[in-house]
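Trainee: In order, the protein sequences belong to chains A and B. Its first residue numbered 308, the first sequence is counted upward by one per residue in the numbering used here. Its first residue numbered 51, the second sequence is counted upward by one per residue in the numbering used here. First the structure, which I've put down as C-alpha cells, then a few questions once you've had a look.
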Amino acid sequence: MADVELTPKFAPFFGMGGIAFAMIFGCMGAAYGTAKSGIGIAGVGVFRPDLIMKSLIPVVMSGIIAVYALVIAVLIAGDMAPPPGQHYSLFTGFMHLACGLSVGLTGLAAGYAIGVVGDMGVRSYMQQSRIFVGMVLILIFGEVLGLYGYITQHHAIQACCEG
Amino acid sequence: MTTRRTAAQTAIPDTDNGSSSSGNIISPRASEKSNITPAVPSSVIAKLLGFTFAMITLPISTYFLSLNTLFSGNSTWAGASAAIMANVVLLSYVVVAFRDDQSERAEMMEQEKKAR
C-alpha cells in the first residue's frame, strides 16, 4: 500500500481522543454552569418563588452547551470505523482531535461564563427586575462562544474530511 | 448530650385538655387530615418535565432524522439543524417563562380587585 505511512495504526487514538475531549470538557462546562447558577436559583427561590421559572434560563443554556459537544462527538464517531473497513489517516485523526478539543474547551469557557453570570444575575434580578434583559444578553453572548466552537469545528469536519 | 434533660421534658406530652379539642397547624387533631397538597402546582412540574424531555430528545433526534431524509447524507446541514433546534427549545422556554409571569400577575391583580 502506497499510503501506509499516512494511515498508521495509532491514528484512531487521536480520533477517539477527540471524541472523548469533546464530551468530557463540554459536560464539565455545562455542569459548572448548571451548578453555579443553581446556587443562585436556590438563593432566589427562598425569597421570591415566582421568579424561579425565569431564573432557570441559565440552566437551559448550559444544557445547550452540552448538546453542542454531543453533536460534534456523534459526528466524529460517525466518521470512524475499524481498520478493515476504513483506512483512517493521521490527518483525519489530528483533525478530529482538534475539533473535539476546541469544541470541548470552548464549551468549558462558555459554561463557566454562564455559571458565573447566571448566579450573580439571578440574585440581582431578585432585587432589581430591570436587570433581566441585561443578564439574558450577557448569557447569550457567553453561549455564543460555545456556538462559535461548534460551528467552526462542524465546518472543519465537513470541509476537510471527504471520507 | 451535654445538657441533662429530665424525664418530664423528654416524655412526649399526651394530648392536653386545653388544646386537644381545637388542634392547631403544628399538631392537628387525629381526625383532621393534614394538608398534603404539593407546594409546586402540577402544571409547573408538567412544564418542566416537558422541557427536559424536549431538550434531551429534540436536538439529537433532528440530527439523525434529518441526516438521511432531508439532507441526503450531508451532515453539515443536519448538525446545523440540531443546533437550531436546541436554540428553539431555549427560546420556547423563555417565552413560556414570560407568559407564566404575566398570567401570575394578572391573577394577582384580579385577586386584589376582588379583595377591595
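In this text, a Cβ means the ideal position worked out from N, Cα and C, and glycines have one as well. Note that the structure is predicted; figures quoted are calculated from it, not measured.
Using the beta-carbon count (16 or more within 10 Å), is proline 315 of chain A buried or exposed?
Mentor: Proline 315 of chain A comes out exposed.
Trainee: Please name the residues in the region 360 to 376 of chain A whose beta-carbon is closer than 8 Å to at least one beta-carbon of chain B, in chain order.
Mentor: Correct list: Met360, Lys361, Leu363, Ile364, Val367, Met368, Gly370, Ile371, Val374 and Tyr375.
Trainee: Is the beta carbon of methionine 442 of chain A closer than 8 Å to that of glycine 453 of chain A?
Mentor: No. Outside cutoff.
Trainee: Quick one: Cα of threonine 413 of chain A to Cα of glycine 456 of chain A, how far?
Mentor: Going from the Cα of threonine 413 of chain A to the Cα of glycine 456 of chain A covers about 6 Å.
Trainee: Taking 6 Å as the limit between beta carbons, can you name the residues of its chain near proline 319 of chain A, skipping five residues before and five after?
Mentor: Excluding sequence neighbours, proline 319 of chain A sits near Tyr395.
Trainee: Do the region 330 to 348 of chain A and the region 100 to 111 of chain B touch if we need at least three Cβ pairs shorter than 8 Å?
Mentor: Because the criterion of three Cβ pairs below 8 Å is not met, the region 330 to 348 of chain A and the region 100 to 111 of chain B do not touch.
Trainee: Are the C-beta of glycine 470 of chain A and some C-beta of chain B separated by less than 8 Å?
Mentor: Legend: pLDDT at glycine 470 of chain A = 46, less than 50; position of this residue unreliable, value from coordinates given subsequently. No, because no Cβ of chain B sits closer than 8 Å to the Cβ of glycine 470 of chain A.
Trainee: Quick one: what does DSSP say threonine 399 of chain A is sitting in, helix, strand or coil?
Mentor: The answer is helix: DSSP assigns threonine 399 of chain A an H, G or I state.
Trainee: Got a sec, what are the start and stop residues for the alpha helix (DSSP H) histidine 394 of chain A sits in?
Mentor: Taken as a continuous stretch (DSSP letters only), histidine 394 of chain A belongs to no alpha helix (DSSP H), as it is neither H nor E.
Trainee: Can you list the alpha helix (DSSP H) stretches of 4 or more residues lying completely in the region 322 to 379 of chain A, in chain order?
Mentor: If we require 4 residues or more, the alpha helix (DSSP H) runs fully inside the region 322 to 379 of chain A come out as 359 to 362.
Trainee: What alpha helix (DSSP H) runs, 4 residues minimum, are completely inside the region 86 to 158 of chain B?
Mentor: For the region 86 to 158 of chain B, whole alpha helix (DSSP H) runs of length 4 or above, ordered along the chain, are 92 to 118.
Trainee: Going along the chain, which residues of its own chain have a beta-carbon closer than 6 Å to the beta-carbon of glycine 418 of chain A, five neighbours each way excluded?
Mentor: Same-chain partners within the cutoff: Gly336, Ala337, Tyr339, Gly340, Ser369 and Ile372.
Trainee: Closest to proline 389 of chain A by CA distance: which of A/His462, A/Val451, A/Gln465 and A/Met323 is it?
Mentor: Of the listed residues, the one whose Cα sits closest to proline 389 of chain A is A/Met323.
Trainee: DSSP three-state label for lysine 316 of chain A, please.
Mentor: Correct three-state label for lysine 316 of chain A: coil.
Trainee: In chain order, what residues of the region 140 to 163 of chain B put their CB closer than 7 Å to some CB of chain A?
Mentor: Hits within the stretch, in order: Leu140, Tyr143, Val144, Ala147, Asp150, Asp151 and Glu154.
Trainee: Which same chain residues end up closer than 8 Å to isoleucine 359 of chain A when comparing Cβ atoms and leaving out the 5 residues on each side of it in sequence?
Mentor: Taken in chain order, the residues that qualify are Ile348, Val351 and Gly352.
Trainee: My output table needs one value for arginine 166 of chain B: the three-state DSSP class, helix, strand or coil.
Mentor: Looking at arginine 166 of chain B - three-state DSSP - the assignment turns out to be coil, as it is neither helix nor strand.
Trainee: Please report the straight-line C-alpha distance between alanine 430 of chain A and leucine 415 of chain A, rounded to a whole angstrom.
Mentor: This sequence places arginine at residue 430 of chain A; alanine is not what is there. The straight-line gap from Cα to Cα measures roughly 23 Å.
Trainee: Determine the direct distance from the alpha carbon of serine 436 of chain A to that of aspartate 426 of chain A, and round the result to whole angstroms.
Mentor: Near 15 Å, if we compare the C-alpha coordinates of serine 436 of chain A and aspartate 426 of chain A.
Trainee: Once the 5 residues before and after methionine 402 of chain A are set aside, which same chain residues still bring their CB inside 6 Å of it?
Mentor: Excluding positions up to five away in sequence, the list reads Cys467.
Trainee: Name the residue from B/Lys163, B/Val139 and B/Glu157 whose alpha carbon lies nearest to the alpha carbon of lysine 97 of chain B.
Mentor: Nearest C-alpha to lysine 97 of chain B: B/Val139.
Trainee: Applying a beta-carbon distance threshold of less than 7 Å, which residues of chain A neighbour glycine 129 of chain B?
Mentor: Within 7 Å Cβ-Cβ: Val378, Leu382 and His461.
Trainee: Residue ranges of each alpha helix (DSSP H) run of no fewer than 4 residues wholly in the region 415 to 460 of chain A, ordered along the chain?
Mentor: Fully enclosed alpha helix (DSSP H) runs of 4 or longer: not present.
Trainee: May I ask you to report which of helix, strand or coil DSSP gives proline 384 of chain A?
Mentor: According to the sequence shown, residue 384 of chain A is alanine rather than proline. Note: alanine 384 of chain A maps to helix in three-state DSSP.
Trainee: Between valine 366 of chain A and glycine 333 of chain A, which are expected to be in contact by the criterion C-beta below 8 Å, what is the C-beta distance as a whole number of angstroms?
Mentor: At roughly 16 Å, the Cβ-Cβ gap does not stay under 8 Å, so valine 366 of chain A and glycine 333 of chain A are not in contact.
Trainee: So is tyrosine 455 of chain A in contact with chain B if we call contact Cβ pairs under 8 Å?
Mentor: Output row for tyrosine 455 of chain A: interface = no.
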